[in-house]
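Okay, so here's the structure we're looking at.
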């Protein structure tokens with residue numbers, strides 16, 4: 118056996134340069150793995166962006182529904198109703214029409230605990246306002262004003278928690294809801 122033949126057999130098999138084939142296959146495998154890894158990171162980033170947008174939309178919807186419920190109930194409390202029962206029904210219908218309940222349930226699925234706790238606190242205060250107005254109290258009553266102030270504080274805290282969870286930075290809220 119000649120030394121040049123033994124050297125040739127290390128790098129070739131039956132005249133086929135196997136090192137070139139192995140290098141090509143290894144390069145293709147590395148490229149495939151890199152592409153798969155890149156797609157996984159891209160999918161994860163898109164998933165996080167989508168989830169953040171969904172939370173943003175549900176949070177904004179919930180805040181809007183609370184404000185809508187409050188304004189509708191205030192409006193009904195200012196209308197002259199034929200009976201206390203008619204007023205109570207109108208106030209409760211106004212609360213229901215604002216759609217707070219469906220968004221509350223969406224929050225229960227999407228939100229972190231801090232946001233969920235804040236949302237529940239604001240929702241319960243709004244429900245207490247509903248009950249107070251349904252009982253015949255006016256928006257000038259001390260009970261309503263106290264609940265309204267408590268609601269305002271609760272709403273600001275909820276907004277702060279939502280902003281923190283969405284990582285959109287701190288701001289200083291002023292004014293009403």
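Numbering (the working numbering), first residue to last: 118 to 294. For glycine and all other residues, C-beta sits at the position ideal for the given N, C-alpha and C. Just so we're clear, the structure is a prediction, and the values are computed from it rather than from any experiment.
Distance, Cα to Cα, residue i vs residue j?
i, j, result
"residue 228", "residue 200", "41 Å"
"residue 196", "residue 162", "51 Å"
"residue 262", "residue 192", "16 Å"
"residue 267", "residue 247", "14 Å"
"residue 159", "residue 141", "27 Å"
"residue 120", "residue 135", "Low per-residue confidence applies at residue 120: pLDDT is 48, beneath 50, and the placement is therefore not dependable, though the value from the model is reported in the following sentence. One C-alpha to the other measures close to 19 Å."
"residue 178", "residue 219", "10 Å"
"residue 137", "residue 155", "27 Å"
"residue 215", "residue 285", "27 Å"
"residue 245", "residue 153", "54 Å"
"residue 259", "residue 269", "15 Å"
"residue 205", "residue 253", "7 Å"
"residue 287", "residue 139", "56 Å"
"residue 148", "residue 164", "24 Å"
"residue 146", "residue 237", "52 Å"
Consider the C-beta atom of residue i and the heavy atoms of the ligand ADP; say whether any pair is separated by less than 7 Å.
i, result
"residue 229", "Within the structure as shown, the ligand ADP is missing, as the structure has no ligands at all."
Taking buried to mean at least 16 other C-beta atoms within 10 Å of its own C-beta, is residue i buried or exposed?
i, result
"residue 275", "buried"
"residue 241", "exposed"
"residue 235", "buried"
"residue 282", "buried"
"residue 157", "exposed"
"residue 203", "exposed"
"residue 222", "exposed"
"residue 257", "exposed"
"residue 207", "buried"
"residue 290", "exposed"
Would a C-beta distance cut-off of 8 Å place residue i and residue j closer than the cut-off?
i, j, result
"residue 239", "residue 272", "yes"
"residue 231", "residue 278", "yes"
"residue 255", "residue 194", "yes"
"residue 190", "residue 250", "yes"
Stretch pair the stretch 178–193 + the stretch 207–220: three plus CB contacts closer than 8 Å
yes
Three CB pairs or more closer than 8 Å across the stretch 170–179 and the stretch 217–231
yes
To test your reading of the DSSP string, which unbroken alpha helix (DSSP H) runs of 4 or more residues are found completely within the stretch 160–248?
Here the runs fully enclosed are 201–214 and 217–227.
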